[in-house]
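Following UniProt numbering, the numbering of the sequence shown begins with 1 at its first residue and continues without gaps. For every residue, glycine included, the Cβ atom is placed at its ideal position computed from N, Cα and C. These numbers come from a predicted model, not from an experiment.
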Amino acid sequence: MSRALGPVGPPLVEGPLTVTDFVRYQGASGDMNPIHHDTAFAQAAGFPSVFAVGMRQAGVLAAYLGEHLGPDNVRRFDVQFRAIAWPGDTITYTGEIVAAEDTGAHTVCTVEVRATRQTGEIHLAGTAVFAIPKVTPQL
Numbered sequence: 001m002s003r004a005l006g007p008v009g010p011p012l013v014e015g016p017l018t019v020t021d022f023v024r025y026q027g028a029s030g031d032m033n034p035i036h037h038d039t040a041f042a043q044a045a046g047f048p049s050v051f052a053v054g055m056r057q058a059g060v061l062a063a064y065l066g067e068h069l070g071p072d073n074v075r076r077f078d079v080q081f082r083a084i085a086w087p088g089d090t091i092t093y094t095g096e097i098v099a100a101e102d103t104g105a106h107t108v109c110t111v112e113v114r115a116t117r118q119t120g121e122i123h124l125a126g127t128a129v130f131a132i133p134k135v136t137p138q139l
């Protein structure tokens with residue numbers, strides 16, 4: 001399978017985010033920091049309210065990429081947290097193939113990835129690398 005430069009697929013739009021989304025992720029990950037679910041705690045720390053666990057959206061972004069490029073093909077996934085996502089936010093996940101190199105058996109794709117708030121502010125940004133086999137294995 002060869003890939004052209006450009007979007008990995010249509011954007012994935014998720015939201016509005018809820019505190020329930022945050023708590024479900026916290027339970028699954030074991031990260032029970034109260035700043036993500038206890039408003040009084042978050043306000044005492046100087047925030048206007050609770051906010052999303054950034055790794056939750058990183059996981060959604062990784063799953064989105066895997067759906068379009070194959071979860072077994074990922075070789076690297078790096079993101080930076082740029083802005084806080086709040087309850088009520090809608091997040092749009094995108095990936096753009098910016099380079100594709102033929103290595104013989106694979107096409108190695110470099111992908112710029114983003115998760116963007118409805119305000120246009122970038123929540124997460126980074127790069128991923130996928131090695132996509134040119135021949136789909138027979139099952």
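* Nearest CA to the CA of proline 10: which residue from Tyr25, Val108, Leu69? -> For the purposes of this step, residue 10 is taken as residue 10 along the sequence shown, with counting starting at 1. The closest CA to that of proline 10, considering only Tyr25, Val108, Leu69, is found on Leu69.
* Asked: Where does phenylalanine 81 sit, in a helix, a strand or coil, going by DSSP?
  -> Along the sequence shown, one-based indexing puts residue 81 at 81. In the structure shown, the three-state DSSP call for phenylalanine 81 is strand.
* Assumed close pair tyrosine 93, alanine 58 - CB separation to whole angstroms, cut-off 8 Å -> Looking up residue 93 in the sequence shown gives position 93. Looking up residue 58 in the sequence shown gives position 58. With 8 Å as the limit, tyrosine 93 and alanine 58 do not qualify as a contact, their Cβ atoms being about 10 Å apart.
* Following the continuous beta strand (DSSP E) through arginine 117, name the residue where it begins and the one where it ends. => Indexing the sequence shown from 1 puts residue 117 at position 117. If you look at arginine 117, you'll find it in the beta strand (DSSP E) that goes 106-117.
* Nearest to proline 16 by CA position, among Asp38, Trp86, Asp31, Gly46, is which residue? -> Counting from 1 along the sequence shown, the entry for residue 16 is found at position 16. Checking every option, the nearest Cα to that of proline 16 belongs to Trp86.
* Asked: Helix or strand or just coil, what does DSSP make of phenylalanine 130?
  -> Reading the sequence shown from its first residue, position 130 is the one you call residue 130. It is a strand residue.
* To do: Return the CA-CA distance between aspartate 31 and arginine 75, expressed in angstroms with no decimal places.
  => Numbered from its first residue, the sequence shown carries residue 31 at position 31. Numbered from its first residue, the sequence shown carries residue 75 at position 75. Annotation: aspartate 31 to arginine 75 spans about 26 Å, alpha carbon to alpha carbon.
* From glutamate 121 to valine 108, what does the alpha carbon distance come to, in whole angstroms? -> Position 121 of the sequence shown holds residue 121. Position 108 of the sequence shown holds residue 108. If you take the alpha carbons of glutamate 121 and valine 108, they lie about 29 Å apart.
* **Beta-carbon proximity of phenylalanine 77 to glycine 126, cut-off 9 Å** => Within the sequence shown, numbered from 1, the residue matching residue 77 stands at position 77. Within the sequence shown, numbered from 1, the residue matching residue 126 stands at position 126. For phenylalanine 77 and glycine 126, yes; Cβs fall inside 9 Å.
* **Secondary structure of leucine 5, DSSP reduced to three states** => The residue you call residue 5 lines up with position 5 of the sequence shown. In the structure shown, leucine 5 sits in coil (DSSP, three-state: anything other than H, G, I, E or B).
* Just mark arginine 56 as buried or exposed, buried being the case when its beta carbon has 16 or more other beta carbons within 10 Å. => Walking along the sequence shown from the start, residue 56 turns up at place 56. Around the beta carbon of arginine 56, 16 or more other beta carbons sit within 10 angstroms, so the residue counts as buried.
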